[in-house]
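Residue numbers (this note's numbering), protein chains in the order written: chain A, 6 to 222; chain B, 6 to 222; chain C, 4 to 234; chain D, 4 to 234. For every residue, glycine included, the Cβ atom is placed at its ideal position computed from N, Cα and C.
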Amino acid sequence: MSQQQRIKIARRIAEEFEDNQIINLGVGIPTLIPDYIEGKDVYLHSENGLLGMGPTPEEEFVNMDLISASKKPVSVETGASIFDSSDSFLMIRGGHVDVAVLGTLQVDETGEVANWAVPGQNILGVGGAMDLVAGAKKIIIATMHTSKDGTPKLLKKLTFPSSGVRKVDMIVTEHAVFEFKDEKMFLIEVLSDITLEELKEITPASYELSTKKLIRV
Amino acid sequence: MSQQQRIKIARRIAEEFEDNQIINLGVGIPTLIPDYIEGKDVYLHSENGLLGMGPTPEEEFVNMDLISASKKPVSVETGASIFDSSDSFLMIRGGHVDVAVLGTLQVDETGEVANWAVPGQNILGVGGAMDLVAGAKKIIIATMHTSKDGTPKLLKKLTFPSSGVRKVDMIVTEHAVFEFKDEKMFLIEVLSDITLEELKEITPASYELSTKKLIRV
Amino acid sequence: MKKLLKLEHFSELIKDGDKLLVGGFGLSGTPLSLIDEIATSGKKNLTVVSNNLGEKGKGLGKLLVSGNLKKAIGSYFTTNGDAVNAWSKGELEIELVPQGTLAEAIRCGGAGIGGFYTKTAVGTKLAEGKHQMTFDDGDYILEKAIKGDVALIKALKADTLGNLIYDQTGRNFNPVMATAAKLVIAEVDEIVEAGEIKPEEIVTPHLFVDYVVVTKYVKEGGRYVEPATTN
Amino acid sequence: MKKLLKLEHFSELIKDGDKLLVGGFGLSGTPLSLIDEIATSGKKNLTVVSNNLGEKGKGLGKLLVSGNLKKAIGSYFTTNGDAVNAWSKGELEIELVPQGTLAEAIRCGGAGIGGFYTKTAVGTKLAEGKHQMTFDDGDYILEKAIKGDVALIKALKADTLGNLIYDQTGRNFNPVMATAAKLVIAEVDEIVEAGEIKPEEIVTPHLFVDYVVVTKYVKEGGRYVEPATTN
C-alpha cells in the first residue's frame, strides 16, 4: 500500500475533527494524522497516561519515560497532563474521549469491528483496542480498503473475532468514506477514481448510497 | 463521663501503636489520642484525604481546606500527602490502614460492633464507619464502659444495627481492656479499681479471663 | 478562555429535577458561589449527591432553606438540623451511603463501570436488597455507579484550558465528581495560564471540565467569606 | 532511612511461584534493576502481571530467556518474539486482558474491591465464561480484582518516608500496582528528604511502599543504560 494512500486517509479523517475534541489515535495509519490537523485545537490522548501529546522531539529531548502508546518518544503540548493507566482508561471507558481512530482487520456492515486477532494465528495482544471500542464517543476506522493480497475487509459478517458489540461510526479507506447509522452502512464519499461498480466489487458489505451528500473527491 | 477517664482510654490505646503504623482515629475519644503518642513514628490517616495529619494549627495558619474528618483545622506533618476521597477509601477498604480506633454504641461478645445508628431515632449518618470496620487491619474500640445512663454497651448480642460482619480486635474502656480471638472475648487488663465482680455486673457480654496476662493497672 | 462562565449565567445550566454532584466535605472544598446561585434560582426537585448537606444555613444547607431539594444522597447528614427536620417531615428524601462506597460509586460513574463489589456494609441495614456475591476472601455486595446531570466542584486554580488543582483536603470528592456528570462546572479561586501547572501536578485534566467560574468569595483567616459589596 | 533496601538483598524477598506485579509500559517506567536481579536469581514458576513482557531480551523479556516464568498476565505480548515462541511451545501460559481492564482490576485489588462490571470485551472471546449483568445502559461483564504477592515498581524519586513521584508517562501502571501487593518494592533514580515533595504532588503515598531500592541504571540520552563497571 502506498504511503500516499495512507496519507489521503489520514488527511480525510483529520477533517472530521472539531475544535476542543479529545482524540485517541491507534497504531498504523492513525499515527500519520497529527501532521494533518491544521488550525484545530484538538488534544491527543495517549492510553499510557498522557493528554496533550505533542510531536516527536529532537533527539536531545528524547526521554523513554515520555512516550506514546506506540512506545515512540513524544513531547508534551502546553497544558498537557500526566496520569496513571487506571485514570487513562477511566477516560476512555467513561466516554471522555471524543474520537478514537483505529486501524482494523475487518468491519461488518453493521459497524462491528474485528481489530485484534486472526483465527489460527497466535492471539497474544489486545492492548487498549477493546476499551476504545467500548468507550470512545465516536469511532472512526482508518484502513486500506482490502488487505495486501486483495482480501476484502468490509464484510457482510465478521470472520475474525469481534472487538466488541459497540458499532463504529465511520470508515475511511483510500477509496471511500462510509458512515453508519442505526447499524446500517452508507457510502458518503468517494476518494479515488474508482467507479461505483468497482467499489461494490471489492466491498462485500451491503451499503446504501447517501444520495443527499455523496461526494466524489 | 470525666475527661480524665477519656484520657485514660486514649493513653492506653496509644500504647498499642507501633512504629511506622498508619492510624485512623474516629470521632470522640479517639481524637484525644494524638496527645499521647510519644516517641512513636506513626502516621495519622484522615478519611477526607490526608496521610500525615498534624496537630491543630495556630489561628493564623488555619485553612478550612486543611481539616480532619471531624471537620476541624489541622496541620500537615513532614512527608504528608493529599489525595481524593476515592483514593482515601481505597487505602481504608484495601487494608492499607494498620489500626482504626473507633467509638461505638455497642459491641457484642463476638466483637461485632454497632456504631452508627440507634433504632427508633433518625438514622441520617454513617460516614466512613462501615468502610473502616470492613477494611482496617486492626480495629480498636475506644468507649466508656456504659452509656451515660448506665446502660451496658458490651453485650451478649447487639440490639442496635450492626456496622458490619467484620469483628473488632480490642476494646478499651475506663475500666478494662478486652481482646477478641476467634470471636471470643478475653479480659486482659483492669484499668480502674473496679473489682472483677463489679466489672461482670456492668458487662453483659461473656468474657474469659486471660490468666496469662491479666494486668491490674 | 473558551470555558470561562460568568457566575450569573450558571443557573441557566441547571434544570428542575436535575441530579447534581456537589463536591466538598462539610464546607471544605465546596463550590459556595454556585450553591448560592442555585439557592436564589427557584429551581425545584433537585437531587444532590454530596457527602453532607453543608451545615445549617451554610453551603448546601442553603438549598434546604430555599426549598430546591427533593432528595439527598450522601454519607452524613446528622449534624445539619435542617436536614434532619426536613427528612422527619417527609419534605426531603435521604439515601444514606457509606462514605467510601459513595466516593467509589461516583468514580465508577465516571469510569464507565456499571458497579463494583465491596465488603463495606455487608451484613448491615445498608446492604438490604443489594446483590451479594462470594469471592475468595468472603462476601461482597454490589454497589452501582452514581452519575449526575451536572457536577459542581471547587478547585483552587484552573488554567486557561480548564486543568485543575485543589487546595489541600479541599480536594476530597471533587476530582471524582469531575468525571461523573454530563456537565462539569468548576468554581475556582484563580485562573492561570496554560502551562503554569506542570503536567505531573494536574489533578483534574481539562477533558473533564466544561466550564470554569471564578468564585465570588474571598479567603480571609483561612475561611471563605463573602466580600463586602463594593457599591 | 528505614525502607532502604540494597539491590543485592532484593531477590531474597521473592519466592518460587510468586505472583509479581511489574510496572511499566514496554521498557518505560520499568524496574530494570529489580528485573535483572530476578533474572540471575534462579527463581522458578513466577507469574508476572504486566502490560507487556518488555522487549526481546530486554526488561521483563530477560525473564523469558532465564526461564523464571510460568505465566504472564497482560494486554500485549505480540511484539516480543520470545514470548510468542515460549507460548507456542507450551513453556509459558498467557492470560490476555484488555489494557483498561488490567489497570482497573489491579486498582480493585488494592482497593478492597472484589470485582467490577465493564462494557469492555462484552461479546468477545475475552468475555467467555465471565459473569454478565445488564445495567441501565446495556450489558457488562464481571472482571475480578488482581492482587500480587510482590509489586515491583519504578519511580523517579522517593523521599525518605517512601513517598513516590514518577517521570512523565513512566507513571503508567506503577501507582496502581503499588496498592495491590502484599510487598511493594520501588526502584527509584533518587532519594530526597521527606518534605521535599509537596503533599499535593505525591502520587504514591508512603503507606503503600515497603522498600525502596536505588536503580543501578543511569539515564543517558533519555534512555536507561547500564553504567560502565567501575572496577
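Among the residues facing chain B, D:Asp-192 is not included, as its CB has no counterpart in that chain under 9 Å away. Close CB contacts of A:Glu-213 within its chain, under the 6 Å cut and outside five residues either way in sequence, are with Phe-191 (chain order). Membership of C:Glu-96 in the beta strand (DSSP E) is indicated by the continuous run 96-99.
Looking at the backbone, the Cα of B:Ala-210 and that of D:Lys-22 are separated by about 43 Å. Contacts with chain D at 9 Å (Cβ-Cβ) do not include C:Lys-222. A direct Cα-to-Cα measurement between A:Ala-134 and A:Leu-110 gives close to 12 Å.
Sorting D:Ser-78, D:Asn-166, D:Val-221 and D:Val-125 by C-alpha distance to the C-alpha of D:Val-195 places D:Asn-166 at the top.
Closest by C-alpha distance to B:Leu-159, out of B:Lys-172, B:Ser-167, B:Trp-121 and B:Gly-116, is B:Gly-116. Closer than 7 Å at the C-beta level to chain D, one finds these residues of the segment 78-92 of chain B: Val-81, Thr-83, Gly-84, Ala-85, Ser-86, Ile-87 and Phe-88. Excluding the 5 residues flanking it on each side, A:Gly-99 has same chain C-beta neighbours closer than 7 Å at Gly-140, in chain order. Classified as exposed, C:Thr-137 has fewer than 16 neighbouring CB atoms from the shown chains inside 10 Å of its CB. Here B:Thr-164 carries a coil assignment [DSSP, helix/strand/coil]. If only uninterrupted beta strand (DSSP E) runs of at least 3 residues are considered, those enclosed by the segment 53-77 of chain C are 72-77. In this structure, D:Met-180 sits near D:Gly-151, with a CB-CB distance shorter than 9 Å. A straight-line Cα-Cα distance of about 10 Å links C:Glu-203 and A:Leu-55. Contact of C:Val-206 with chain D is assigned, a C-beta pair being separated by under 9 Å. Looking at the DSSP output, A:Glu-184 shares a beta bridge with A:Met-175 and A:Phe-191.
The DSSP-derived three-state label of B:Ala-141 is coil. Inside the segment 107-156 of chain A, DSSP marks whole alpha helix (DSSP H) runs of 4 or more residues at positions 134-140, from first to last along the chain.
Residues of the segment 104-131 of chain D whose Cβ lies closer than 9 Å to any Cβ of chain C, in chain order: Glu-107, Cys-111, Ala-114, Gly-115, Ile-116, Gly-117, Gly-118, Phe-119, Tyr-120, Thr-121, Lys-122 and Thr-123. Listed along chain B are Gly-84 and Ser-86, each with a C-beta nearer than 8 Å to that of D:Asn-166.
In the three-state reduction of the DSSP assignment, A:His-50 falls in the strand class. Distances from the CA of B:Gln-126 to each of C:Gly-117, C:Asp-139, C:Ala-130 and C:Asn-88 were compared; the closest alpha carbon is that of C:Asn-88.
Distance from the CA atom of B:Thr-156 to the CA atom of B:Lys-76, rounded to whole angstroms, is 30 Å. For B:Glu-184 and B:Gly-31, the gap between their C-alpha atoms comes out near 19 Å. Taking a cut-off of 8 Å on C-beta distances, the segment 34-54 of chain D touches the segment 69-79 of chain D, as three or more cross pairs fall below it. Under the DSSP definition of a beta bridge, D:Arg-226 partners with D:Glu-223.
What C:Met-136 touches in chain D, judged by beta-carbon distance under 9 Å, is Gly-117, Gly-118, His-134 and Leu-145, going in chain order. The beta carbon of B:Pro-35 sits closer than 6 Å to the beta carbons of Val-106 and Ala-147 from its chain, once the five residues preceding and following it are set aside; these are given in chain order. Contact holds between the segment 206-213 of chain D and the segment 76-96 of chain B, because three or more Cβ pairs, one in each stretch, are under 8 Å apart. Inter-residue distance for D:Ala-161 and A:Arg-17 is about 46 Å (C-alpha atoms, whole angstroms). Between C:Asp-19 and C:Lys-65, the C-beta spacing is not below 9 Å.
Chain-order list of chain B residues neighbouring C:Ile-149: empty, with the shortest C-beta distance near 12 Å, by a criterion of under 7 Å. Within chain B, the residues Asp-70 have their CB atoms less than 7 Å from the CB of C:Gly-173, given in chain order.
The Cβ-Cβ distance between A:Leu-49 and A:Gly-59 falls below 9 Å. When the Cα atoms are used, B:Leu-196 and B:Ile-38 turn out to be separated by approximately 17 Å.
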